[in-house]
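*Asks:*
Protein chains: 2
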Amino acid sequence: MSTPNIAAAKAALSHIEQDENPATIRSKSRDFFWYSPVLKEKMDHLEADFVVNPKSEEEVIEILRVCYAHDVPVTTRGAGTGNYGQAMPMRGGCVMHMKNMASVKEIAPGRVVTEPGIVVKELDAQTRAHSGQELRMMPSTFATATIGGFVAGGSGGIGSCTWGALRDFGNIIRLRVVTMEEEPRVVELTGDELPRVSHAFGTNGIITEIEMPLAPAYDWTELLVAFDDFPDAAKFAEGVANQDGILIKLATVIEAPIGKSYFQRIAPHVEEGTNLVILLVAPHSVEGLKTFMEAEEVPGAIIYDSTDNDWPRTPGALAEYTWNHTTLRALKVDPSITYLQVRYRYPDHMELVEKVRAEFGAEVLQHLEVMRENGKVMFAGLPIVAFSTPERLEEIIRIHEEMGCMIFNPHRYTLEEGGRQSTDARQLNFKREADPKGLLNPGKMIAWDDPDFDYATMYDYPAMTPKPEAAE
Amino acid sequence: MSTPNIAAAKAALSHIEQDENPATIRSKSRDFFWYSPVLKEKMDHLEADFVVNPKSEEEVIEILRVCYAHDVPVTTRGAGTGNYGQAMPMRGGCVMHMKNMASVKEIAPGRVVTEPGIVVKELDAQTRAHSGQELRMMPSTFATATIGGFVAGGSGGIGSCTWGALRDFGNIIRLRVVTMEEEPRVVELTGDELPRVSHAFGTNGIITEIEMPLAPAYDWTELLVAFDDFPDAAKFAEGVANQDGILIKLATVIEAPIGKSYFQRIAPHVEEGTNLVILLVAPHSVEGLKTFMEAEEVPGAIIYDSTDNDWPRTPGALAEYTWNHTTLRALKVDPSITYLQVRYRYPDHMELVEKVRAEFGAEVLQHLEVMRENGKVMFAGLPIVAFSTPERLEEIIRIHEEMGCMIFNPHRYTLEEGGRQSTDARQLNFKREADPKGLLNPGKMIAWDDPDFDYATMYDYPAMTPKPEAAE
Ligand SMILES: Cc1cc2nc3c(=O)[nH]c(=O)nc-3n(C[C@H](O)[C@H](O)[C@H](O)COP(=O)(O)OP(=O)(O)OC[C@H]3O[C@@H](n4cnc5c(N)ncnc54)[C@H](O)[C@@H]3O)c2cc1C
Ligand SMILES: Cc1cc2nc3c(=O)[nH]c(=O)nc-3n(C[C@H](O)[C@H](O)[C@H](O)COP(=O)(O)OP(=O)(O)OC[C@H]3O[C@@H](n4cnc5c(N)ncnc54)[C@H](O)[C@@H]3O)c2cc1C
Chain L
942 MSTPNIAAAK AALSHIEQDE NPATIRSKSR DFFWYSPVLK EKMDHLEADF VVNPKSEEEV
1002 IEILRVCYAH DVPVTTRGAG TGNYGQAMPM RGGCVMHMKN MASVKEIAPG RVVTEPGIVV
1062 KELDAQTRAH SGQELRMMPS TFATATIGGF VAGGSGGIGS CTWGALRDFG NIIRLRVVTM
1122 EEEPRVVELT GDELPRVSHA FGTNGIITEI EMPLAPAYDW TELLVAFDDF PDAAKFAEGV
1182 ANQDGILIKL ATVIEAPIGK SYFQRIAPHV EEGTNLVILL VAPHSVEGLK TFMEAEEVPG
1242 AIIYDSTDND WPRTPGALAE YTWNHTTLRA LKVDPSITYL QVRYRYPDHM ELVEKVRAEF
1302 GAEVLQHLEV MRENGKVMFA GLPIVAFSTP ERLEEIIRIH EEMGCMIFNP HRYTLEEGGR
1362 QSTDARQLNF KREADPKGLL NPGKMIAWDD PDFDYATMYD YPAMTPKPEA AE
Chain U
942 MSTPNIAAAK AALSHIEQDE NPATIRSKSR DFFWYSPVLK EKMDHLEADF VVNPKSEEEV
1002 IEILRVCYAH DVPVTTRGAG TGNYGQAMPM RGGCVMHMKN MASVKEIAPG RVVTEPGIVV
1062 KELDAQTRAH SGQELRMMPS TFATATIGGF VAGGSGGIGS CTWGALRDFG NIIRLRVVTM
1122 EEEPRVVELT GDELPRVSHA FGTNGIITEI EMPLAPAYDW TELLVAFDDF PDAAKFAEGV
1182 ANQDGILIKL ATVIEAPIGK SYFQRIAPHV EEGTNLVILL VAPHSVEGLK TFMEAEEVPG
1242 AIIYDSTDND WPRTPGALAE YTWNHTTLRA LKVDPSITYL QVRYRYPDHM ELVEKVRAEF
1302 GAEVLQHLEV MRENGKVMFA GLPIVAFSTP ERLEEIIRIH EEMGCMIFNP HRYTLEEGGR
1362 QSTDARQLNF KREADPKGLL NPGKMIAWDD PDFDYATMYD YPAMTPKPEA AE
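Chains L and U supply the protein sequences, listed in that same order.
Quick note: the first sequence uses the working numbering, first residue 942, plus one each step.
Quick note: the second sequence uses the working numbering, first residue 942, plus one each step.
#1: Enumerate, from N- to C-terminal direction, the unbroken alpha helix (DSSP H) stretches of 4 or more residues contained entirely within the segment 1006-1077 of chain U.
#2: Given a threshold of 16 other Cβ atoms within 10 Å of its Cβ, counted over all protein chains shown, does Ala1366/L qualify as buried or as exposed?
#3: Quick check on Trp1161/U - is its C-beta less than 7 Å from some C-beta in chain L?
#4: Mind checking who Gln959/L pairs with in its DSSP beta bridge?
#5: Mind listing, in chain order, the continuous beta strand (DSSP E) runs of no fewer than 3 residues lying wholly within the segment 1305-1369 of chain U?
#6: Would you say the beta carbon of Gly1021/L is closer than 6 Å to some non-hydrogen atom of ligand 1?
#7: From which residue to which residue does the alpha helix (DSSP H) around Ala1178/U run?
#8: In whole angstroms, what separates the C-alpha of Arg1126/L from that of Gly1186/U?
#9: Please list, in chain order, the chain L residues whose beta carbon lies closer than 9 Å to that of Thr1193/U.
#10: Given a limit of 8 Å on CB to CB distance, which residues of the segment 1219-1235 of chain U reach chain L?
#11: From the beta carbon of Asp1133/U, is the nearest beta carbon of chain L less than 7 Å away?
#12: Check the Cβ-Cβ distances between Pro1136/L and every residue of chain U, and say whether any is below 7 Å.
#13: Listed from N- to C-terminal order along the chain, which residues in the segment 1087-1120 of chain L have their beta-carbon within a distance smaller than 7 Å of any beta-carbon of chain U?
#14: What span of residues does the beta strand (DSSP E) with Glu1295/L cover, start to end?
#15: Between Met1291/U and ligand 1, is there a pair consisting of the residue's CB and a ligand heavy atom that are separated by less than 6 Å?
#16: Go to Glu1129/L, then tell me how far its beta strand (DSSP E) extends in each direction, as first and last residue.
#17: Ligand 1 and Ser1081/L: does any heavy atom of the ligand fall closer than 6 Å to the residue's C-beta?
#18: Flag His1266/U as yes when its Cβ comes closer than 6 Å to any non-hydrogen atom of ligand 2, and as no otherwise.
#19: State yes or no: is the beta carbon of Ile1187/L nearer than 7 Å to at least one beta carbon in chain U?
#20: Any heavy atom of ligand 1 closer than 6 Å to the beta-carbon of Leu980/L?
#21: Does Val1318/U come within less than 7 Å of chain L when only Cβ atoms are used?
#22: Starting from Val1246/L, follow its DSSP beta bridges and name the residues at the other end.
#23: Taking DSSP as the reference, what is the three-state secondary structure of Thr1193/L?
#24: Give every residue of the same chain whose Cβ lies closer than 6 Å to the Cβ of Thr1085/U, excluding the five residues on either side of it in the sequence, and list them in chain order.
#25: So, for Ala1197/L: in the same chain, excluding its five sequence neighbours on each side, which residues have a beta-carbon less than 6 Å away from its beta-carbon?
#26: In its own chain, which residues sit with a C-beta less than 6 Å from the C-beta of Phe1083/U, not counting the 5 before and 5 after it?
#27: Of all Cβ atoms in chain U, is any one closer than 7 Å to the Cβ of Gln1423/L?
#28: May I ask you to list the residues that DSSP assigns as paired with Glu1152/U?
#29: With a cut-off of 7 Å, does the C-beta of Arg1361/L fall near any C-beta of chain U?
#30: Any chance the segment 1033-1047 of chain U sits against the segment 988-1001 of chain U, with 3 or more Cβ pairs inside 8 Å?
#31: So the alpha helix (DSSP H) Ile1199/U belongs to, where does it begin and stop?
#32: Taking C-alpha atoms, which residue in Ser997/U, Arg1006/U and Pro1157/U lies nearest to Met1121/U?
#33: Quick check on the DSSP output: the alpha helix (DSSP H) that includes Val1138/L runs from which residue to which?
#34: In three-state DSSP terms, what is Val1283/U?
#35: Consult DSSP for Gly1241/L and reduce its assignment to one of helix, strand or coil.
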């Protein structure tokens, strides 16, 4: 690893927009890593040496060419809403912020072609205005996150109850990518090439153009359904998602007392013991939903309907109580809590959830997101965990795994540890070709740095900028 | 049952359009009943006394009022493409043809309000032109059948691989219905009232307005995929339907040698032993589909792509080789064959199909339609059966049922026998209220005529117009 020549690179890029304010540089070096007490402890000190804001693919190419020549690491930033420190510069260097590359290039039936730096909500507004279309799925950070950050750092979200995960065949159509070489190349990836860079945290190429499938945009009706018993709530959410004629965009199950304790605008309308199901339903499916509820004698009541309610103060977009926003709301009220990411797989999903509840009780409060996986309805769990020690957190994870749950550990900054704890050869091989010096978002791909790593303990990137204390 | 006064009713309706040509009256008294050798034998002689073509709800009300007063049975006709004799006047009387009530009243995001007599293809053309929308599902007779006939006499079709059956919650929004009373009433049915008249063959009310949900209309790519082995073909069709990110409208599995023997324009391109999968795929999902095929090493080859092929003569719309059109094409080549309607339920669908194939071999050639039921992908079977005797047909049905398949017998003209062989109390109760004299499409609801019927043998409507031979 050669020593970066920061000053030379920064100077050579002086004609491209840069942020000079130290506070801005610091804030643009951070994301939602602090969500995890483990990552907060490890990454809080990280900071870029400079921040550059390209406004075109040509400028991206130039930045990569210059940084390659001067051995400067480049960590790409969408909006910095990632919650694993994905966008944090482990060795300092350059943070490349994509916010100025936000043009939508083409909208057609079922597809959109866009630059990566556009905020998801703005992209949806444009496709909706153009032809009543929207992205199939979006993260709950849709109001601030970029589409590029979602593709490079996300995995699914609102819409996944219908369309599955971002990585599923058909959920990304095409990515245009710039490589980090002496002379950067522009490559177009489709089909089986897409997994090389999707959810690769920008470790092996910079996405400059994205083609995504679109679904019809409706004025989704937002509903809150209250249940006394948690299993009834979970069964209802699953049941709605299995109704082929009822079109939904979201079905979230929230165990009591999360609603009362953490959802401040909802709290006045629920009890300690209220379990909630949050639904986004196509307006033309609302009556079908209500008929289903009557026919099945669902033991829950609709307590809020965005199209018809007498709440003096509405809760705002219900989608912003789901996916990782549930955790965010809990953290705002009680900064001591933390969370996990669990997969409860079909057909054991319901049984596994009950096992976990029986084991942990209030230490692990359930928050389930209905998802489709291989055509079956199942649950992604983002439980709220009472944090005591990192050791207990490890133990909780282990017990989940022993029960048969799959854990995507959100307390890790590497691709492998947040995923399936194994090398993705497609991503590794593409990095060999597209980032031979290993300068793109360093420290995030274990397979690149330490192929023999055994996952016995948390990976510690040896070249990470040391903490100031340690340096003293 | 009072004797109808045909002449008086016809005269009282002389200001409403009527068909006077005897050949027209005969043809408008018939549907696709002849599909079944059993029904052909029983119903071939049936004929209306007169045919009237209302052009408004007011005229429908007048027809029903007059026929009620004169005890004249009224059998409603959409386009007469039903294949169980649904639209055939069992006791003669009036056939009311809805073709003049074909206006689309409103199109909005996710919904359409229409009169019942419009042909499905024309309705789709209007919703597509208006806002890129189309019906969620349609029968393979879409080019000739009416939406009213589909709702009153159909069950699902092209689109059911995604949206389930017509009867599923949310797949019909609202029906406006005229009753057959001294003073006919107009009632609006929604929610749990819909099953009273949907798929009730017009036995308890005449539908004058329909509100249906819409889905986005795409220029669906039509594909033919060829397989040497039937189970590979079935597994592929199921697998595609279980890919959450790949949007399809149709997945049909056709056992060899149906393609070679009966699909005349496809035959030159396939072998005797070629099993076929017919797919309609959203254009923005085609690449995802191909990636899936490679990733799964699917042992099939795309032999026809509607957007890119060198066939000197294209097969036309592939949808018209599916659902009951498969049978139609076989019948045209070999009038001696017949068919069944089977449900192979999840999770045993694949295994059941193989059991049936092992039992019957070429006597029952498989034709599977991928459907969703309760959120799971399964198969509706419309096998092509080598007809020998009605007794053997009964035996084949019995063996299917013993294996655990569900049969919807297409060789019966009653609602109950073509369905679950049990009374639908919702339909019966509504008939009591809406058709007290039992004049609407008589002979089609056993529960009305003979509540104690035991289903030991085929129901024979006692009041059916006797055959001319029998009358001699
Ligand atoms: C409250 C909260 C809720 C969340 N909910 C969800 C959710 O529902 N679903 C979900 O999937 N995620 C969720 N996340 C994670 C994150 O918000 C999303 O994945 C989001 O889409 C990231 O977008 P961003 O623009 O903020 O990306 P960033 O955080 O800036 O970047 C994410 C990763 O992508 C890389 N990157 C960004 N742009 C590019 C580019 N053009 N080329 C190459 N690499 C690039 C970055 O280097 C980084 O590794 C949530 C996070 C929080 C804090
Ligand atoms: C080759 C072939 C393929 C087919 N494929 C399918 C398929 O894929 N899926 C499927 O579901 N069906 C299928 N069918 C059956 C039939 O074509 C469809 O159900 C079609 O939608 C019926 O429409 P129609 O206008 O022809 O109705 P008709 O046959 O005229 O009528 C059907 C029934 O509805 C009643 N009816 C019609 N209009 C009204 C009204 N306004 N109010 C009250 N009652 C009314 C009639 O009395 C009759 O009982 C197929 C039939 C054939 C021959």
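Yeah, the Cβ is synthetic: ideal placement off N, Cα and C, and Gly gets one too.
Given the structure is predicted, the values throughout are model-derived calculations rather than measurements.
*Replies:* In terms of the structure at hand:
#1: 1061-1072
#2: exposed
#3: no
#4: Val993/L
#5: 1308-1314, 1317-1322 and 1325-1327
#6: yes
#7: Phe1171 to Ala1182
#8: 30 Å
#9: Those do not exist, as Thr1193/U stays about 17 Å from chain L at its closest Cβ, beyond 9 Å.
#10: Ala1223, Pro1224, His1225, Ser1226, Glu1228, Gly1229, Leu1230, Lys1231, Thr1232, Phe1233 and Glu1235
#11: yes
#12: no
#13: Trp1104, Gly1105, Asp1109, Phe1110, Gly1111, Asn1112 and Ile1114
#14: Unbroken run through Glu1295/L is the alpha helix (DSSP H), His1290 to Phe1301; no beta strand (DSSP E).
#15: no
#16: Val1127 to Thr1131
#17: yes
#18: yes
#19: yes
#20: no
#21: yes
#22: For the sequence presented, residue 1246/L should be read as Asp rather than Val. The partner list for Asp1246/L (beta bridge, DSSP) reads Leu1164/L.
#23: strand
#24: Ala1020 and Thr1022
#25: Gly1214, Thr1215 and Asn1216
#26: Val1061 and Lys1062
#27: The displayed coordinates of chain L run from 942 to 1413. Any statement about residue 1423/L would go beyond what the structure contains.
#28: Val1054/U and Arg1115/U
#29: no
#30: yes
#31: Ile1199 to Tyr1203
#32: Arg1006/U
#33: Here Val1138/L belongs to no alpha helix (DSSP H), and DSSP marks it neither H nor E.
#34: strand
#35: strand
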